[in-house]
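Heads up, the thing below is written out as C-alpha coordinates.
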Amino acid sequence: DKAAAVVFKVKDENGKERRMTKQEKKELRLKLRKERADAKKKRRADEMEQTSKEKAEEKKKVDEMDPGSHDLQKETSEKSEQGSNEVDNGSSKVVEPHQHYHQLQVNRAALEEELADLRGERVGVPPVAMSTPMGVQLPGVVDSHASVVEACAGLDDELSQHWANTITTSMEEAITVRQKEQLRPMAYKLVPEVWRRLRPASLQSMISTTGVCPLGVIQKQDETKNGERSNDDDAGCLWMTIRQRIALIDADKAIVVDLLHNQTELHISCGAKFGCDYLLYDGPRQERHAFAGLRILHSNQIPTPYNLAGYVRCLNTAGKLALLATVDRRDKIPRVVIVDLALEKILTAPTHTKRARTEARKAVGQHLAKSS
(Lines of atoms letter the chains of each structure in order from A; the text may use other names.)
(Lines give C-alpha, C1' and ligand atoms only; values in the text may rest on other atoms or scores of the structure.)
Protein backbone atom coordinates (compact mmCIF):
# COMPACT_ATOMS: atom_id res chain seq x y z
CA ASP A 93 0.00 0.00 0.00
CA LYS A 94 1.18 3.43 -0.87
CA ALA A 95 1.84 5.75 2.06
CA ALA A 96 -0.60 8.60 2.46
CA ALA A 97 0.53 11.86 0.97
CA VAL A 98 1.98 14.28 3.47
CA VAL A 99 -0.13 17.37 3.96
CA PHE A 100 1.96 20.36 4.92
CA LYS A 101 -0.87 22.25 6.66
CA VAL A 102 -1.55 23.09 10.28
CA LYS A 103 -4.25 24.84 12.30
CA ASP A 104 -3.37 27.96 14.18
CA GLU A 105 -4.56 28.93 17.70
CA ASN A 106 -7.79 30.29 16.24
CA GLY A 107 -8.56 26.97 14.53
CA LYS A 108 -7.88 28.37 11.12
CA GLU A 109 -5.94 26.12 8.71
CA ARG A 110 -2.77 27.53 7.19
CA ARG A 111 0.30 26.32 5.26
CA MET A 112 3.38 25.24 7.23
CA THR A 113 6.42 27.38 7.36
CA LYS A 114 9.74 26.09 5.97
CA GLN A 115 11.02 25.18 9.45
CA GLU A 116 7.80 23.35 10.33
CA LYS A 117 8.04 21.29 7.13
CA LYS A 118 11.62 20.31 7.96
CA GLU A 119 10.66 19.19 11.48
CA LEU A 120 7.76 17.14 10.11
CA ARG A 121 9.99 15.37 7.57
CA LEU A 122 12.51 14.44 10.30
CA LYS A 123 9.72 13.09 12.48
CA LEU A 124 8.28 10.95 9.67
CA ARG A 125 11.76 9.67 8.74
CA LYS A 126 12.40 8.58 12.35
CA GLU A 127 9.05 6.81 12.52
CA ARG A 128 9.83 4.87 9.31
CA ALA A 129 13.28 3.85 10.66
CA ASP A 130 11.79 2.64 13.93
CA ALA A 131 9.16 0.63 12.08
CA LYS A 132 11.84 -0.98 9.91
CA LYS A 133 13.88 -1.98 12.98
CA LYS A 134 10.82 -3.52 14.56
CA ARG A 135 10.08 -5.57 11.43
CA ARG A 136 13.64 -6.90 11.37
CA ALA A 137 13.51 -7.85 15.05
CA ASP A 138 10.23 -9.69 14.47
CA GLU A 139 11.71 -11.56 11.49
CA MET A 140 14.81 -12.61 13.47
CA GLU A 141 12.66 -13.81 16.34
CA GLN A 142 10.51 -15.83 13.95
CA THR A 143 13.57 -17.37 12.32
CA SER A 144 15.00 -18.28 15.71
CA LYS A 145 11.75 -19.99 16.69
CA GLU A 146 11.70 -21.97 13.45
CA LYS A 147 15.30 -23.17 13.98
CA ALA A 148 14.53 -24.19 17.55
CA GLU A 149 11.51 -26.19 16.40
CA GLU A 150 13.53 -27.85 13.65
CA LYS A 151 16.30 -28.81 16.13
CA LYS A 152 13.69 -30.21 18.50
CA LYS A 153 12.29 -32.41 15.73
CA VAL A 154 15.79 -33.66 14.88
CA ASP A 155 16.50 -34.52 18.54
CA GLU A 156 13.22 -36.44 18.69
CA MET A 157 14.20 -38.46 15.60
CA ASP A 158 17.78 -39.14 16.92
CA PRO A 159 17.72 -39.10 20.76
CA GLY A 160 21.41 -40.08 21.08
CA SER A 161 22.78 -37.08 19.18
CA HIS A 162 22.14 -34.65 22.06
CA ASP A 163 23.96 -36.86 24.54
CA LEU A 164 26.86 -37.29 22.11
CA GLN A 165 27.16 -33.54 21.62
CA LYS A 166 27.06 -32.96 25.39
CA GLU A 167 29.75 -35.58 25.98
CA THR A 168 32.01 -34.09 23.28
CA SER A 169 31.58 -30.60 24.74
CA GLU A 170 32.52 -31.80 28.24
CA LYS A 171 35.68 -33.46 26.94
CA SER A 172 36.66 -30.30 25.09
CA GLU A 173 36.24 -28.20 28.23
CA GLN A 174 38.40 -30.58 30.25
CA GLY A 175 41.13 -30.26 27.61
CA SER A 176 41.43 -34.03 27.14
CA ASN A 177 41.82 -35.13 23.54
CA GLU A 178 42.52 -38.79 22.92
CA VAL A 179 45.34 -39.16 20.35
CA ASP A 180 45.31 -42.05 17.89
CA ASN A 181 48.33 -42.14 15.56
CA GLY A 182 48.73 -38.38 15.74
CA SER A 183 45.06 -37.43 15.29
CA SER A 184 41.86 -37.31 17.34
CA LYS A 185 38.34 -37.57 16.03
CA VAL A 186 35.67 -35.16 17.26
CA VAL A 187 32.10 -36.05 16.28
CA GLU A 188 29.28 -33.54 16.24
CA PRO A 189 25.62 -34.15 15.31
CA HIS A 190 25.37 -35.00 11.60
CA GLN A 191 28.95 -33.77 11.03
CA HIS A 192 32.34 -35.49 11.20
CA TYR A 193 35.58 -33.56 11.69
CA HIS A 194 39.15 -34.80 12.10
CA GLN A 195 41.21 -32.49 14.27
CA LEU A 196 44.95 -33.02 13.78
CA GLN A 197 47.03 -33.06 16.94
CA VAL A 198 50.77 -32.82 17.53
CA ASN A 199 52.23 -36.16 16.53
CA ARG A 200 55.27 -37.27 18.51
CA ALA A 201 56.35 -39.55 15.66
CA ALA A 202 56.34 -36.58 13.25
CA LEU A 203 58.51 -34.57 15.63
CA GLU A 204 60.99 -37.41 15.94
CA GLU A 205 61.08 -37.75 12.16
CA GLU A 206 61.78 -34.04 11.72
CA LEU A 207 64.57 -34.22 14.29
CA ALA A 208 66.04 -37.20 12.44
CA ASP A 209 66.05 -35.09 9.27
CA LEU A 210 68.17 -32.45 10.97
CA ARG A 211 70.53 -35.07 12.36
CA GLY A 212 71.00 -36.66 8.96
CA GLU A 213 69.76 -40.04 10.18
CA ARG A 214 67.33 -40.57 7.29
CA VAL A 215 68.74 -41.76 3.99
CA GLY A 216 68.12 -39.50 1.00
CA VAL A 217 67.15 -36.39 2.96
CA PRO A 218 68.90 -33.29 1.53
CA PRO A 219 70.56 -30.75 3.83
CA VAL A 220 68.34 -27.88 4.89
CA ALA A 221 70.41 -26.05 7.49
CA MET A 222 73.95 -25.68 6.18
CA SER A 223 75.94 -27.47 3.52
CA THR A 224 79.41 -28.92 3.97
CA PRO A 225 81.14 -26.22 1.87
CA MET A 226 79.76 -23.57 4.22
CA GLY A 227 80.89 -25.58 7.21
CA VAL A 228 84.42 -25.51 5.84
CA GLN A 229 84.45 -21.74 6.27
CA LEU A 230 83.31 -21.84 9.89
CA PRO A 231 85.60 -22.06 12.92
CA GLY A 232 86.09 -25.41 14.59
CA VAL A 233 85.38 -27.57 11.54
CA VAL A 234 88.94 -27.86 10.25
CA ASP A 235 92.19 -26.21 11.30
CA SER A 236 92.85 -24.76 7.88
CA HIS A 237 90.35 -24.75 5.02
CA ALA A 238 93.14 -23.96 2.54
CA SER A 239 94.08 -27.63 2.48
CA VAL A 240 90.47 -28.64 1.80
CA VAL A 241 89.23 -26.12 -0.80
CA GLU A 242 90.65 -26.49 -4.29
CA ALA A 243 92.65 -23.54 -5.63
CA CYS A 244 90.67 -21.21 -7.90
CA ALA A 245 91.80 -18.73 -10.55
CA GLY A 246 88.97 -16.33 -9.72
CA LEU A 247 85.79 -14.99 -11.32
CA ASP A 248 85.74 -14.98 -15.13
CA ASP A 249 83.30 -12.48 -16.68
CA GLU A 250 84.10 -13.66 -20.21
CA LEU A 251 82.99 -17.18 -19.41
CA SER A 252 80.01 -15.76 -17.50
CA GLN A 253 78.86 -13.94 -20.63
CA HIS A 254 79.26 -17.15 -22.65
CA TRP A 255 77.19 -19.09 -20.12
CA ALA A 256 74.54 -16.36 -20.08
CA ASN A 257 74.25 -16.62 -23.88
CA THR A 258 73.96 -20.41 -23.61
CA ILE A 259 71.12 -20.10 -21.09
CA THR A 260 69.34 -17.59 -23.33
CA THR A 261 69.59 -19.97 -26.28
CA SER A 262 68.26 -22.87 -24.21
CA MET A 263 65.05 -20.90 -23.47
CA GLU A 264 64.25 -20.06 -27.11
CA GLU A 265 62.45 -23.34 -27.82
CA ALA A 266 60.16 -22.94 -24.80
CA ILE A 267 59.36 -19.35 -25.82
CA THR A 268 58.56 -20.44 -29.39
CA VAL A 269 56.26 -23.23 -28.21
CA ARG A 270 54.40 -20.89 -25.90
CA GLN A 271 53.87 -18.30 -28.62
CA LYS A 272 52.05 -20.94 -30.68
CA GLU A 273 49.56 -21.55 -27.89
CA GLN A 274 46.36 -19.54 -27.53
CA LEU A 275 47.59 -17.76 -24.41
CA ARG A 276 47.81 -14.14 -23.39
CA PRO A 277 51.07 -12.37 -24.31
CA MET A 278 54.04 -12.81 -22.04
CA ALA A 279 54.31 -10.00 -19.47
CA TYR A 280 57.88 -10.76 -18.37
CA LYS A 281 61.07 -12.15 -19.85
CA LEU A 282 64.29 -13.57 -18.41
CA VAL A 283 67.52 -11.83 -19.31
CA PRO A 284 70.63 -13.82 -18.28
CA GLU A 285 73.65 -11.53 -18.01
CA VAL A 286 76.98 -11.16 -16.27
CA TRP A 287 76.56 -10.33 -12.60
CA ARG A 288 76.91 -6.55 -12.29
CA ARG A 289 74.08 -5.41 -10.04
CA LEU A 290 75.04 -5.03 -6.35
CA ARG A 291 78.28 -6.85 -7.02
CA PRO A 292 81.07 -6.05 -4.50
CA ALA A 293 83.79 -3.87 -5.98
CA SER A 294 86.43 -6.19 -4.55
CA LEU A 295 85.15 -9.11 -6.64
CA GLN A 296 86.85 -8.25 -9.92
CA SER A 297 87.07 -10.47 -12.96
CA MET A 298 90.25 -12.18 -14.08
CA ILE A 299 92.50 -10.10 -16.33
CA SER A 300 92.14 -12.65 -19.12
CA THR A 301 91.09 -16.23 -19.65
CA THR A 302 94.67 -17.34 -19.16
CA GLY A 303 95.81 -14.93 -16.45
CA VAL A 304 94.99 -14.82 -12.76
CA CYS A 305 93.69 -11.72 -11.05
CA PRO A 306 95.95 -10.95 -8.09
CA LEU A 307 93.24 -10.52 -5.49
CA GLY A 308 94.10 -10.58 -1.83
CA VAL A 309 92.10 -12.07 1.01
CA ILE A 310 89.78 -9.71 2.82
CA GLN A 311 89.55 -10.40 6.54
CA LYS A 312 86.18 -9.61 8.08
CA GLN A 313 86.58 -7.59 11.25
CA ASP A 314 83.77 -9.35 13.04
CA GLU A 315 85.16 -12.81 12.31
CA THR A 316 88.92 -12.42 12.72
CA LYS A 317 91.35 -10.91 15.13
CA ASN A 318 94.98 -10.30 14.16
CA GLY A 319 94.56 -12.67 11.23
CA GLU A 320 93.32 -15.54 13.40
CA ARG A 321 89.85 -16.77 14.22
CA SER A 322 88.65 -16.12 17.73
CA ASN A 323 87.54 -18.95 19.98
CA ASP A 324 84.52 -16.86 20.88
CA ASP A 325 83.15 -17.35 17.34
CA ASP A 326 81.55 -20.62 18.47
CA ALA A 327 79.29 -18.74 20.89
CA GLY A 328 75.66 -19.16 19.95
CA CYS A 329 76.40 -21.87 17.36
CA LEU A 330 74.82 -25.31 17.38
CA TRP A 331 77.00 -27.91 15.69
CA MET A 332 75.47 -31.03 14.19
CA THR A 333 76.20 -33.36 11.29
CA ILE A 334 73.81 -32.83 8.40
CA ARG A 335 75.29 -35.31 5.92
CA GLN A 336 78.57 -36.77 4.77
CA ARG A 337 80.62 -34.93 2.19
CA ILE A 338 79.83 -35.60 -1.48
CA ALA A 339 82.96 -34.83 -3.46
CA LEU A 340 81.37 -34.13 -6.84
CA ILE A 341 78.79 -31.75 -5.36
CA ASP A 342 80.74 -30.10 -2.58
CA ALA A 343 83.92 -29.39 -4.55
CA ASP A 344 82.25 -26.79 -6.80
CA LYS A 345 80.24 -25.31 -3.94
CA ALA A 346 83.33 -25.03 -1.75
CA ILE A 347 85.20 -23.14 -4.49
CA VAL A 348 82.39 -20.60 -4.98
CA VAL A 349 81.84 -20.10 -1.25
CA ASP A 350 85.59 -19.75 -0.70
CA LEU A 351 85.81 -17.10 -3.43
CA LEU A 352 82.97 -15.04 -1.96
CA HIS A 353 84.23 -15.51 1.58
CA ASN A 354 87.82 -14.50 0.94
CA GLN A 355 87.54 -11.87 -1.79
CA THR A 356 84.47 -9.99 -0.58
CA GLU A 357 82.96 -8.80 2.67
CA LEU A 358 79.69 -10.60 1.93
CA HIS A 359 78.02 -12.67 4.61
CA ILE A 360 76.62 -16.03 3.49
CA SER A 361 73.84 -18.21 4.91
CA CYS A 362 71.68 -21.15 3.87
CA GLY A 363 69.13 -20.27 1.16
CA ALA A 364 66.75 -23.24 1.50
CA LYS A 365 63.80 -21.02 2.47
CA PHE A 366 64.09 -19.15 -0.86
CA GLY A 367 64.75 -22.21 -3.04
CA CYS A 368 68.47 -21.61 -3.51
CA ASP A 369 71.75 -22.87 -2.08
CA TYR A 370 72.85 -19.67 -0.36
CA LEU A 371 71.70 -16.17 0.53
CA LEU A 372 74.12 -13.24 0.21
CA TYR A 373 74.17 -10.30 2.64
CA ASP A 374 76.12 -7.05 2.40
CA GLY A 375 76.43 -6.90 6.19
CA PRO A 376 75.76 -8.86 9.40
CA ARG A 377 72.62 -10.96 9.13
CA GLN A 378 71.15 -9.54 12.32
CA GLU A 379 71.26 -6.08 10.74
CA ARG A 380 70.68 -6.66 7.01
CA HIS A 381 68.31 -8.54 4.71
CA ALA A 382 69.75 -10.72 1.95
CA PHE A 383 70.08 -8.96 -1.40
CA ALA A 384 70.57 -12.07 -3.55
CA GLY A 385 69.99 -15.81 -3.74
CA LEU A 386 72.64 -18.07 -5.25
CA ARG A 387 72.33 -21.49 -6.87
CA ILE A 388 75.46 -23.44 -7.73
CA LEU A 389 75.25 -25.88 -10.66
CA HIS A 390 77.65 -28.42 -12.09
CA SER A 391 79.64 -27.59 -15.18
CA ASN A 392 77.66 -27.80 -18.44
CA GLN A 393 74.39 -28.08 -16.50
CA ILE A 394 71.64 -25.86 -17.91
CA PRO A 395 68.38 -25.61 -15.93
CA THR A 396 65.06 -25.98 -17.73
CA PRO A 397 63.08 -22.80 -18.55
CA TYR A 398 60.41 -23.97 -16.09
CA ASN A 399 63.02 -24.26 -13.34
CA LEU A 400 64.51 -20.86 -14.14
CA ALA A 401 61.16 -19.06 -14.22
CA GLY A 402 60.09 -20.36 -10.81
CA TYR A 403 63.47 -19.58 -9.25
CA VAL A 404 63.60 -16.01 -10.60
CA ARG A 405 59.97 -15.11 -9.87
CA CYS A 406 60.31 -16.27 -6.25
CA LEU A 407 63.38 -14.14 -5.55
CA ASN A 408 62.15 -11.18 -7.61
CA THR A 409 58.97 -11.04 -5.54
CA ALA A 410 61.14 -10.88 -2.41
CA GLY A 411 63.21 -8.06 -3.94
CA LYS A 412 66.36 -10.16 -4.34
CA LEU A 413 68.69 -10.99 -7.22
CA ALA A 414 68.62 -14.50 -8.66
CA LEU A 415 72.20 -15.66 -9.29
CA LEU A 416 73.48 -18.85 -10.91
CA ALA A 417 77.07 -19.99 -10.44
CA THR A 418 79.20 -22.84 -11.74
CA VAL A 419 82.87 -23.81 -11.87
CA ASP A 420 84.62 -24.22 -15.21
CA ARG A 421 87.27 -26.97 -15.01
CA ARG A 422 88.50 -27.05 -18.60
CA ASP A 423 91.81 -25.49 -17.53
CA LYS A 424 94.16 -26.75 -14.86
CA ILE A 425 92.97 -24.09 -12.43
CA PRO A 426 89.15 -23.87 -12.03
CA ARG A 427 87.39 -20.60 -12.78
CA VAL A 428 84.13 -19.36 -11.25
CA VAL A 429 81.25 -18.29 -13.47
CA ILE A 430 78.32 -16.24 -12.08
CA VAL A 431 75.25 -15.16 -14.06
CA ASP A 432 72.52 -12.75 -12.98
CA LEU A 433 69.04 -13.85 -14.09
CA ALA A 434 67.33 -10.49 -14.50
CA LEU A 435 63.54 -10.36 -14.79
CA GLU A 436 62.31 -7.62 -17.14
CA LYS A 437 58.81 -6.42 -17.88
CA ILE A 438 57.69 -6.52 -21.49
CA LEU A 439 56.34 -2.97 -21.48
CA THR A 440 54.19 -3.55 -24.58
CA ALA A 441 52.19 -6.26 -22.80
CA PRO A 442 48.59 -5.23 -22.01
CA THR A 443 49.03 -5.68 -18.25
CA HIS A 444 51.79 -3.05 -18.24
CA THR A 445 50.36 -0.61 -20.78
CA LYS A 446 47.13 -0.56 -18.81
CA ARG A 447 49.04 0.70 -15.76
CA ALA A 448 51.37 2.92 -17.77
CA ARG A 449 54.50 1.23 -16.46
CA THR A 450 57.76 2.52 -17.83
CA GLU A 451 60.40 0.80 -15.69
CA ALA A 452 61.47 -2.52 -17.19
CA ARG A 453 63.20 -3.84 -14.09
CA LYS A 454 62.19 -3.92 -10.46
CA ALA A 455 64.48 -1.98 -8.16
CA VAL A 456 66.67 -4.21 -5.97
CA GLY A 457 68.91 -3.51 -3.04
CA GLN A 458 66.40 -1.22 -1.32
CA HIS A 459 65.23 -1.47 2.29
CA LEU A 460 67.93 -4.02 3.20
CA ALA A 461 68.35 -2.67 6.74
CA LYS A 462 66.33 -4.54 9.32
CA SER A 463 64.15 -2.34 11.49
CA SER A 464 65.13 -2.36 15.15
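Quick note on numbering: the sequence shown equals residues 93 to 464 in my numbering. Beta carbons: idealized from backbone N, C-alpha and C, even for Gly. The structure displayed is predicted, hence computed values, not measured ones.
Supposed close pair His359, Arg377 - CB separation, criterion 8 Å: 6 Å
Check whether the Cβ atoms of Ser467 and Asp432 sit closer than 9 Å, and answer yes or no. No information on residue 467 is available, as it lies outside the stretch 93 to 464 that the chain covers here.
For His89, write down the residues that DSSP places opposite it in a beta bridge. The chain is shown only over 93 to 464; residue 89 falls outside these bounds and no answer can be derived.
Pull up the distance between the alpha-carbon of Thr418 and that of Ala384, whole angstroms please. 16 Å
Taking the beta strand (DSSP E) that Arg111 belongs to, which residues open and close that run? 109-111
In the DSSP assignment, what are the bridge partners of Thr370? The sequence given here places Tyr at residue 370; Thr does not occur at that position. DSSP output for Tyr370 lists Cys362, Leu386 as bridge partner(s).
Rounded to whole angstroms, what's the CA-CA distance from Lys281 to Thr440? Just pull it up for me. 12 Å
Let me know the secondary structure DSSP gives Thr470 once reduced to three states. This structure leaves residue 470 out entirely; the chain is present only between 93 and 464.
Where does Ala148 fall in DSSP's three states? helix
Alpha carbon to alpha carbon, how far is Thr356 from Leu275? 45 Å
Gly246 - partner residues in DSSP beta bridges: Arg427
I'd like to check one pair, His381 with Tyr465: are the Cβ atoms closer than 9 Å? No statement about residue 465 is possible, as the shown extent of the chain runs from 93 to 464 and does not include it.
Would you be able to state if there are at least three C-beta pairs under 8 Å between the segment 255-268 and the segment 288-297? no
Buried or exposed for Gly363, going by 16 or more other Cβ atoms inside 10 Å? buried
Nearest-angstrom Cα distance between Ala201 and Leu413? 39 Å
For Ile347, count the other beta carbons within 10 Å of its own beta carbon; 16 or more makes it buried, fewer makes it exposed. Which is it? buried
Near Gly402, what residues of its chain come up, given a Cβ to Cβ distance below 8 Å and the 5 sequence neighbours on each side ignored? Gly367
If Val283 sits next to Glu436, beta carbons under 8 Å apart, how far is it from one beta carbon to the other, in whole angstroms? 5 Å
Which residue wins for smallest C-alpha separation from Asp423, given the options Ala243, Glu205, Pro397, Val98? Ala243
Nonlocal neighbours in the same chain, by C-beta distance under 7 Å from Asp249, ignoring five residues either side: Val286, Ser297
From this set, Leu460, Val404, Arg289, which residue's C-alpha is nearest Glu379's C-alpha? Leu460
If we call anything under 9 Å between Cβ atoms a contact, is Leu290 one with Gly457? yes
In the DSSP assignment, find the unbroken alpha helix (DSSP H) run with Pro397 in it and report its ends. 397-409
Residues that Pro284 bridges to, as DSSP identifies them: Leu433
Give me the Cα-Cα distance between Arg125 and Arg136, rounded to the nearest whole angstrom. 17 Å
Where Lys134 and Thr143 are concerned, what is the direct C-alpha to C-alpha distance, given to the nearest angstrom? 14 Å
DSSP three-state label for Val98, please. coil
With a 10 Å radius around its C-beta and 16 neighbouring C-beta atoms as the bar for buried, classify Val428 as buried or exposed. buried
If you check the beta carbons only, do Ala279 and His444 fall under 9 Å apart? yes
Using the C-alpha atoms, what's the distance from Leu416 back to Val404? 10 Å
Please work out which residues of its chain come closer than 8 Å, Cβ to Cβ, to Lys132, disregarding the five sequence neighbours upstream and downstream, and give them in chain order. none
Please classify Leu400: is it buried, with 16 or more other beta-carbons within 10 angstroms of its beta-carbon, or exposed? buried
Please report the distance separating the alpha-carbon of Ile438 from that of Ala452. 7 Å
When DSSP labels each residue in this structure, what does Ala129 get in the three-state scheme? helix
Should Ser252 and Ile430 be called a contact, given that it needs their Cβ atoms to be closer than 9 Å? yes
If you follow the alpha helix (DSSP H) that Pro442 is in, where does it begin and where does it stop? 442-445
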